[in-house]
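Each step along the sequence shown adds one to the number in the working numbering, with nothing skipped, and position 108 is 484.
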Amino acid sequence: MFATSRSSDIPLTQSAKVNPEDLVVGPRRVAMSDPPTILVNGQPQTCNGCHRIFDSAHPSGQQPNFHPTIQLSHGLNDRCVNCHDPRDRERLALRNGDTVSFAQTPQLCAQCHGTVFRDWERGTHGKTLGSWMTASAGQRRLNCNECHDPHSPRYEPLAPLPAPHTLRMGEQTSQVHDIEAHDISPLQRWLHGADERATP
């Protein structure tokens, strides 16, 4: 037999109000195709179309001449060949000498961002589309470069929106673990020994 309570016994609180201006909605970043192409004088061109003709080595920290839109701000990765294969610019270079395609960008990112990659694999970092069930054919995880610009991946700091109210925890505040800070559920009071009337 389950104990039930009348709905009037459960204190309901209003959901936190979210200012619509705090929500930034825009198009998702479009990752490069595989092999990558860019427009040169209005014509699609693959990386090797130019890089096999022109010497593209540039000193550390120097802005590439032919890619003025690229702003390189990625920690110690201050040279193109830290990530791009110097012999085949349509491939990405792993530390062990192997190369991967642009479609396999997470393998490259995992070399330096191991804990973030682990969280991405488990679904706690990044975005999942279609279905939350990992066995579902409809599930699709966005790759790193579909959200982050690989040349300048850092996002501006974001202030988190208010969390939803939970049924038993009462109103959440910055003092959530302080028993006397606000009125919390009798169960929480009993667990913390703050309610002498409650008995186990």
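Built from N, CA and C at the ideal position, the CB exists for glycine as well.
Asked                                                                                                         : Found
Check whether Arg498 and Leu505 have beta carbons under 8 Å apart                                             : no
Residues near Arg405 by beta carbon distance below 8 Å, same chain, minus five either side                    : Asn521, Glu522, Cys523, His524 and Asp525
Classification of Trp496 by the beta-carbon crowding that lies within 10 angstroms, buried from 16 upward     : buried
DSSP beta-bridge partners of Pro420                                                                           : Leu415
Classification of Arg463 by the beta-carbon crowding that lies within 10 angstroms, buried from 16 upward     : exposed
Every unbroken beta strand (DSSP E) within the segment 450-477, with a cutoff of 3 residues, ordered by chain : none
Burial state of Leu415 (16 or more Cβ within 10 Å)                                                            : exposed
Rounded straight-line distance, which links the Cα of His501 to that of Ala469                                : 24 Å
Three-state secondary structure assigned by DSSP to Thr491                                                    : helix
Whole-angstrom distance between Pro412 and Ser477, CA atom to CA atom                                         : 10 Å
Reference Glu466; option with closest CA among Ala486, Met509, Arg428 and Val492                              : Arg428
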